[in-house]
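Working notes, structure below.
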Amino acid sequence: MERHMTVPSRALVIVSTIVVLALALLLVLANGASAGGEVETSDYRVRSGDTLWVIADRHAAADDDIRAVVEQIRRLNDLDSGIIQAGQVLAIPVRH
Numbered sequence: 078m079e080r081h082m083t084v085p086s087r088a089l090v091i092v093s094t095i096v097v098l099a100l101a102l103l104l105v106l107a108n109g110a111s112a113g114g115e116v117e118t119s120d121y122r123v124r125s126g127d128t129l130w131v132i133a134d135r136h137a138a139a140d141d142d143i144r145a146v147v148e149q150i151r152r153l154n155d156l157d158s159g160i161i162q163a164g165q166v167l168a169i170p171v172r173h
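According to the numbering used here, the sequence shown holds residues 78 to 173 in order.
Encoded structure:
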């Protein structure tokens with residue numbers, strides 16, 4: 078015997094899905110706002126032997142978590158991975 082959802086059950090599923098998606102959107106927007114929105118950057122031309130870790134370490138403030146700086150560089154440059162090439166120009170967050 079096949080079971081079908083009743084109209085109230087279907088409505089509950091739809092409303093629950095909308096609420097979850099709205100909360101997810103709010104979390105994404107809040108995360109973007111807490112990240113400070115616009116970030117001042119400078120251009121950096123990748124040299125042979127550079128890695129994102131080396132570049133982040135070179136440009137980070139003393140109390141910065143290098144992992145967070147690497148991730149910020151990846152986000153600023155829309156990098157899907159940590160692969161970079163010599164000659165590539167990256168936006169690097171300016172530390173004051």
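C-beta: ideal position from N, C-alpha, C; glycine also.
Source: prediction; values computed, not measured.
- Item | Assigned exposure category for Val96 - 16 Cβ within 10 Å defines buried | Reading the sequence shown from its first residue, position 19 is the one you call residue 96. Classification for Val96: exposed.
- Message: What does the alpha-carbon distance come out to for the pair Leu102 and Ile150?
- Response: Residue 102 sits at position 25 when you count from the first residue of the sequence shown. Residue 150 sits at position 73 when you count from the first residue of the sequence shown. Using only the alpha carbons, I get a separation of about 23 angstroms.
- Between Arg144 and Arg87, what straight-line distance do the alpha-carbon atoms span, to the nearest angstrom? Your numbering for residue 144 matches position 67 in the sequence shown. Your numbering for residue 87 matches position 10 in the sequence shown. Taking the straight line from one Cα to the other gives about 44 angstroms.
- Message: Is the separation between the beta-carbon of Val116 and that of Leu129 shorter than 7 angstroms?
- Response: Within the sequence shown, the letter at position 39 stands for residue 116. Within the sequence shown, the letter at position 52 stands for residue 129. At the C-beta level, Val116 and Leu129 stay beyond 7 angstroms of one another.
- Query: Fully enclosed by the region 135-172, which beta strand (DSSP E) runs are 3 residues long or longer?
  - Reply: Within the region 135-172, the complete beta strand (DSSP E) runs of at least 3 residues are 166-170.
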